[in-house]
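Residues 2 to 137, numbered by the working numbering, are exactly what the sequence shown covers, in order.
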Amino acid sequence: MKPRYLLDTNIVSDLVRHPQGRVAKRIASEGEKSICTSIVVAAELRFGANKRGSVRLTTQLEAILSAMEILPLEEPADHRYAELRTSLESRGTPIGPNDMLIAAHALALDCIVITANEGEFTRVPGLRVENWLEKQ
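Below is the structure:
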């Protein structure tokens, strides 16, 4: 079975800024059907575009988001979140609240998180993480 890739905020943001860049090339190689993102990522990006007040940025972002599946946050992601947060806090290695939701979402759906924020996501036990912005 082909893996499913959940794009993190900084990866989608790079795709918005560089629509023919490294991330776009990797998506083409993996196949668009294997690419998705979380509603948490979409919310973060839409907030950022709204805060900047740029029509151009918002238009580019919406074009990118409309081309990929945005997954709703639903069960069993809530259970994975509770387990993950308990585990990370007890070890004294918590991550940001939105990253925690994204990680739990990816774990619940058995997706590989694609991010340039490896420092946070690699602390999550069992989470598969790749950085498509690294030089290959």
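Every residue, glycine too, gets a C-beta built ideally from N, C-alpha and C.
C-beta contact flag for residue 94 and residue 124 at 8 Å: Here residue 94 refers to the residue found at position 93 of the sequence shown. Here residue 124 refers to the residue found at position 123 of the sequence shown. Cβ atoms of residue 94 and residue 124: closer than 8 Å.
Sub-8 Å separation of residue 73 and residue 40 beta-carbons: Taking the sequence shown and counting its residues from 1, one reaches residue 73 at position 72. Taking the sequence shown and counting its residues from 1, one reaches residue 40 at position 39. Their beta carbons are under 8 Å apart, which means residue 73 touches residue 40 by this criterion.
Closest residue to residue 49 among 11, 4, 115 and 27 (Cα-Cα distance): One-based indexing of the sequence shown puts residue 49 at position 48. With distances taken between Cα atoms, residue 49 lies closest to 11.
Coarse secondary structure for residue 60, derived from DSSP in three states: Here residue 60 corresponds to residue number 59 of the sequence shown, with the count starting at 1. Looking at residue 60 - three-state DSSP - the assignment turns out to be helix.
Alpha carbon of residue 13 to alpha carbon of residue 91, nearest angstrom: Translated into positions along the sequence shown, residue 13 becomes position 12. Translated into positions along the sequence shown, residue 91 becomes position 90. Between residue 13 and residue 91, the C-alpha separation is close to 31 Å.
Residue 96 - DSSP class collapsed to helix/strand/coil: Taking the first residue of the sequence shown as position 1, residue 96 is located at position 95. Residue state, collapsed to three classes: coil.
Coarse secondary structure for residue 55, derived from DSSP in three states: Here residue 55 corresponds to residue number 54 of the sequence shown, with the count starting at 1. In the structure shown, residue 55 sits in coil (DSSP, three-state: anything other than H, G, I, E or B).
Cβ-based burial, residue 9 [other Cβ within 10 Å; buried from 16]: As a working mapping, residue 9 is identified with position 8 in the sequence shown. Residue 9 is buried by the Cβ-count criterion.
For residue 35 and residue 4, believed in contact at Cβ under 8 Å, the rounded distance: One-based indexing of the sequence shown puts residue 4 at position 3. One-based indexing of the sequence shown puts residue 35 at position 34. Between residue 35 and residue 4 the Cβ distance is about 7 Å, and since that is below 8 Å, they are a contact.
Buried/exposed call for residue 111, threshold 16 Cβ in 10 Å: Position 110 of the sequence shown, counted from the start, is the residue given in the question as residue 111. Classification of residue 111: exposed, given that the 10 Å Cβ count is below 16.
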